[in-house]
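Sequential numbering of the sequence shown, starting at 823, is according to this note's numbering.
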Amino acid sequence: MRVKYVLNEVLVGLWRNVTMTVAMIITMSVSLFMLGASVLMYMQVDQMKDYYYGNIQVSIFLADDVNDGQRQAIAAAIDNSPLLAEKTYETKEQALERFKKLWADSPDFVNAINANSLPESYRVKLNDPEKYEEFAKTVEGLPGIRQIIDQRQTLEKVFEIFNAIQVGALFVASFMALAALLLVGNTIQVAAYSKRREVAVMKLVGASNWFIQAPFVLEAMVAGIVGALLGFGLLFLSKVILLDNKLQALTTIITPVPTGNLWLMLPLLAGIGSLVSAITAWVTLRFYLKV
């Protein structure tokens, strides 16, 4: 009977303050959606770093007037480096073919470029990309080299942007979470006020604190779980509609989001939503009901 009473009071409480309950659920779902998105982004950036840093290359562009002796000396310096994992030589003609593929959508721009406009180069993959400077010291200054470019420097700038987006998403999620907590507290306070006489009678007849507080705490937990489900639904739709469809071209830059990581957000958001809501409701009741 007690369990049946508690569950019945939860349903009655949710329906009694339906507008505030809906507002609480919506706010909770948005905040949990932002939290889930930021957690997914953290996981994705780490995955992208492993992928890109594992395939990073150092580009050694040769001067237009490089001769065979200089070219062989540069190749020998690269081969003698203990950091060398893989080396590829690219002629001017090969560079032009790669350029045509990269700029296939701009035919006028491609037609304005010929093989002589592009330098020949060595593409070097290091067994430890962190030791780029040590490798560069072995080849820089050799005659025939125009420029040495480390792709890692460019990637770090890209990841700095992603990290800024991560921080922004966490800030928005924190702001929305605060709004959700305030709504949870206000909703529980209103619900407790509407039942103040019933609560007073229950206290007089010796009802336990748990028995009085349970319907209110469970009411907040239900709202938190529903908000978590809606937030997860938004995450799922965002992945399917945006990343897997509308923004599919970005997969050349952003590695695909694993489905396993996405489903991991469901128990995470549900746990956080229900736990935070329950704690907020319990603290509110401790101050308001004095039980």
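Quick reminder that beta carbons are idealized off the backbone N, C-alpha and C, glycines included. All values derive from a computational prediction rather than experimental measurement.
Give me, in chain order, the residues of the same chain whose beta-carbon lies closer than 7 Å to that of M823; leave out the 5 immediate sequence neighbours on both sides.
By one-based count along the sequence shown, residue 823 stands at place 1. The predicted model places M823 with a pLDDT of 42, which falls under 50 and marks its position as unreliable; any figure quoted below should be read in that light. None.
With a threshold of 8 Å on Cβ separation, who are the neighbours of S860 within its own chain once the five nearest residues in sequence on each side are excluded?
Position 38 of the sequence shown, counted from the start, is the residue given in the question as residue 860. Only Q988, A991, L992 and A995 meet the Cβ criterion.
What does the Cβ neighbour count give for E942, buried or exposed, with the cut at 16 atoms within 10 Å?
The residue labelled residue 942 in the question sits at position 120 within the sequence shown. Its Cβ being crowded by 16 or more others within 10 Å, E942 is buried.
DSSP three-state assignment for I971, whether helix, strand or coil:
Counting from 1 along the sequence shown, the entry for residue 971 is found at position 149. DSSP places I971 in strand when its eight states are reduced to three.
Does the segment 1047-1055 come close enough to the segment 843-861 to have 3 or more Cβ pairs within less than 8 Å?
Yes, the segment 1047-1055 is in contact with the segment 843-861.
F1038 beta carbon less than 8 Å from that of A1092
Residue numbering aside, residue 1092 sits at position 270 when the sequence shown is read from its first letter. Residue numbering aside, residue 1038 sits at position 216 when the sequence shown is read from its first letter. No.
Over what stretch of residues does the alpha helix (DSSP H) that includes K959 continue unbroken?
Numbered from 1 along the sequence shown, position 137 holds the residue referred to as residue 959. It spans Y954 to V961 - the alpha helix (DSSP H) in which K959 sits, taken as one unbroken run.
Is the beta carbon of L1056 closer than 8 Å to that of F855?
Here the question's residue 855 lines up with position 33 in the sequence shown. Here the question's residue 1056 lines up with position 234 in the sequence shown. Contact flag set, yes.
Could you say which of V852, V867 and S1099 lies nearest to P1080 if we only look at CA atoms?
By one-based count along the sequence shown, residue 1080 stands at place 258. Cα-wise, what sits closest to P1080 is V867.
With A813 and I935 assumed to form a contact (beta carbons below 8 Å), what rounded beta-carbon distance in angstroms separates them?
Nothing in the structure corresponds to residue 813, since the chain is present only between 823 and 1113.
Close-in-space but distant-in-sequence residues of the same chain around D950 (CB under 7 Å, 5 per side omitted):
In the sequence shown, residue 950 corresponds to position 128, counting from 1. The residues are L905.
When you compare only the Cα positions, how much space is there between V840 and S1096?
Numbered from 1 along the sequence shown, position 18 holds the residue referred to as residue 840. Numbered from 1 along the sequence shown, position 274 holds the residue referred to as residue 1096. One C-alpha to the other measures close to 18 Å.
Among L940, L1003 and N1083, which residue has its Cα nearest to the Cα of V852?
Numbered from 1 along the sequence shown, position 30 holds the residue referred to as residue 852. The candidate whose alpha carbon is nearest that of V852 is L1003.
Rounded separation between L1086 and A1045 - CA only
On the sequence shown, residue 1086 is found 264 positions in, with the first residue counted as 1. On the sequence shown, residue 1045 is found 223 positions in, with the first residue counted as 1. Whole-angstrom Cα-Cα distance: 20 Å.
Exposed or buried, I1010, counting other C-beta atoms within 10 Å across all chains shown (16 or more means buried)?
Working through the sequence shown from its first residue, we reach residue 1010 at position 188. Counting Cβ neighbours within 10 Å, I1010 comes out buried, since at least 16 surround it.
Extent of the continuous beta strand (DSSP E) run through V946
Your numbering for residue 946 matches position 124 in the sequence shown. Looking at the DSSP string, the run of the beta strand (DSSP E) that includes V946 is S943 to L948.
So the alpha helix (DSSP H) A895 belongs to, where does it begin and stop?
As a working note, residue 895 is residue 73 in the sequence shown. D890 to D901 is the span of the alpha helix (DSSP H), which, as asked, contains A895.
Is the beta carbon of K923 within less than 7 Å of some heavy atom of the ligand FAD?
Absence of the ligand FAD is noted for the structure shown, with no ligands found whatsoever.
Could you pull the start and end residues of the beta strand (DSSP E) that V880 belongs to?
The count along the sequence shown starts at 1 and reaches residue 880 at position 58. V880 -> beta strand (DSSP E) spans V880 to L884.
T910 lies in the beta strand (DSSP E); which residues open and close that run?
In the sequence shown, counting from the first residue as 1, residue 910 sits at position 88. That run of the beta strand (DSSP E) goes L906 to E912.
7 Å CB neighbourhood of W925 in its chain, flanking five on each side removed:
As a first step, residue 925 is located in the sequence shown; it is residue number 103 there, counting from the start. Closer than 7 Å at Cβ, skipping near neighbours: F931 and V932.
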